[in-house]
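Residue numbers (the numbering used here): 12 to 199.
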């Protein structure tokens with residue numbers, strides 16, 4: 012009985028098409044909702060490190076002083092939280108697998124050097140300025156600032172900005188419920 016089952020299975024497999032692809036020669040067609048891997052457009056990145064803070068796997072590293080963005084592809088869980096939290100939308104999900112390797116590698120991208128800090132802030136959208144007559148000092152701007160550049164004191168009704176720490180991402184202005192923060196060009 013078992014010999015008949017074996018023979019039937021062997022003949023069926025012999026005359027049917029292979030179930031595997033002839034990979035590298037036949038490219039894989041990815042399904043509609045396939046996430047893939049994280050890609051960055053480094054020219055648009057403002058090094059706010061929000062992607063690094065939101066990554067649940069700690070796979071992303073942003074070094075603002077060196078202007079580098081790194082990802083450990085084998086640690087990434089492809090959840091796309093970094094892509095959704097990027098204020099400048101410079102992160103995206105590519106429809107590719109990570110390249111096979113026997114070792115864990117770190118993919119690092121270095122941002123080209125800009126001519127001045129002022130030019131970088133203008134491209135990013137400027138420096139936030141608050142209208143304290145309208146502000147309710149809710150501290151949402153300070154809580155959402157990825158660089159920690161905003162200090163809000165509710166008791167003294169004070170709003171301060173550290174211009175050197177500000178990356179000009181505009182998150183503070185977008186999160187303000189009273190719309191009292193406006194992005195202005197830096198007048199250094």
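For glycine and all other residues, C-beta sits at the position ideal for the given N, C-alpha and C.
Proximity to residue i [Cα-Cα], best of the options
| i | options | result |
| --- | --- | --- |
| residue 55 | 34, 92, 100 and 112 | 100 |
| residue 120 | 113, 40 and 77 | 77 |
| residue 95 | 29, 46 and 23 | 46 |
| residue 179 | 110, 15, 60 and 111 | 60 |
For residue i: DSSP bridge partner residues
| i | result |
| --- | --- |
| residue 83 | 117 |
| residue 172 | 161 |
Own chain partners of residue i with C-beta closer than 7 Å, once the 5 adjacent residues on each side are dropped
| i | result |
| --- | --- |
| residue 183 | 139, 152, 155, 156, 161 and 192 |
| residue 63 | 71, 72 and 73 |
| residue 186 | 151, 152 and 155 |
| residue 93 | 49, 62, 65, 66, 71 and 102 |
| residue 158 | 59, 176, 177 and 178 |
| residue 128 | The predicted position of residue 128 is uncertain, since its pLDDT is 49 and thus under 50; no value can be drawn from it. |
Spatial neighbours of residue i in its chain, beta-carbon cut-off 6 Å, leaving aside the 5 residues before and after
| i | result |
| --- | --- |
| residue 150 | 163 |
| residue 117 | 81 and 83 |
| residue 134 | With a pLDDT of 49 at residue 134, under the threshold of 50, the modelled position of this residue cannot be trusted, and the question is left open. |
| residue 22 | none |
8 Å Cβ shell around residue i - same chain, five flanking residues per side excluded
| i | result |
| --- | --- |
| residue 124 | 78 |
Local Cβ density within 10 Å of residue i, reported as buried at 16 or more and exposed below that
| i | result |
| --- | --- |
| residue 98 | buried |
| residue 172 | buried |
**Prompt:** With a cut-off of 8 Å, do at least 3 Cβ pairs link the region 80–92 to the region 61–72?
**Reply:** yes
**Message:** Does the structure place the region 48–65 close enough to the region 92–107 that three or more beta carbon pairs sit under 8 Å?
**Reply:** yes
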